[in-house]
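Q: In UniProt numbering, the protein residues as written are 1 to 92. Backbone N, C-alpha and C fix where the C-beta goes; we use that ideal spot for every residue, glycine too. Remember, predicted model here, so these are calculated numbers, not experimental data. Take a look at the following structure, please.
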């Protein structure tokens with residue numbers, strides 16, 4: 001599965017027919033990315049797809065010097081691990 005980044009919108013995985021299978025959406029404000037929503041189709045859950053979208057978002061933020069504001073409950077949970085403190089807008 002290929003992750004496609006649509007700048008200022010999010011990270012998406014599309015099926016062969018162009019249908020949206022999964023997404024992590026964000027809103028950009030200045031140097032902050034507000035990770036707002038993570039959605040994976042029910043039949044694809046449990047395969048680590050949300051984690052792959054999250055990893056793509058983290059990589060993009062680090063490469064471009066952005067901080068992340070976790071809004072989505074999934075992203076909030078990921079940030080609780082402490083692994084992403086360098087990106088956490090609240091800890092910067």
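Can you name the start and end residues of the beta strand (DSSP E) that residue 66 belongs to?
A: From DSSP, residue 66 is part of no beta strand (DSSP E); its letter is neither H nor E.
Q: With DSSP as the reference, label residue 7 as helix, strand or coil.
A: Coil at residue 7, not helix or strand.
Q: Is the beta carbon of residue 38 sitting closer than 8 Å to the one on residue 74?
A: Against a cut-off of 8 Å, the Cβ pair of residue 74 and residue 38 comes out as a contact.
Q: According to DSSP, what are the bridge partners of residue 22?
A: Per DSSP, 13 and 40.
Q: By DSSP's criteria, residue 28 is part of a beta bridge. Which residues make up the other side?
A: DSSP lists 33 as partners of residue 28.
Q: Just list the residues that DSSP pairs residue 89 with in beta bridges.
A: DSSP lists no partner for residue 89.
Q: Taking a contact to mean a Cβ-Cβ separation below 8 Å, would you say residue 34 touches residue 71 in this structure?
A: Yes, Cβ-Cβ distance for residue 34 and residue 71 is below 8 Å.
Q: Could you say which of 17, 49 and 28 lies nearest to residue 66 if we only look at CA atoms?
A: When only C-alpha atoms are compared, the closest one is 28.
Q: Residue 82: buried (16+ other C-beta within 10 angstroms of its C-beta) or exposed?
A: Result: exposed.
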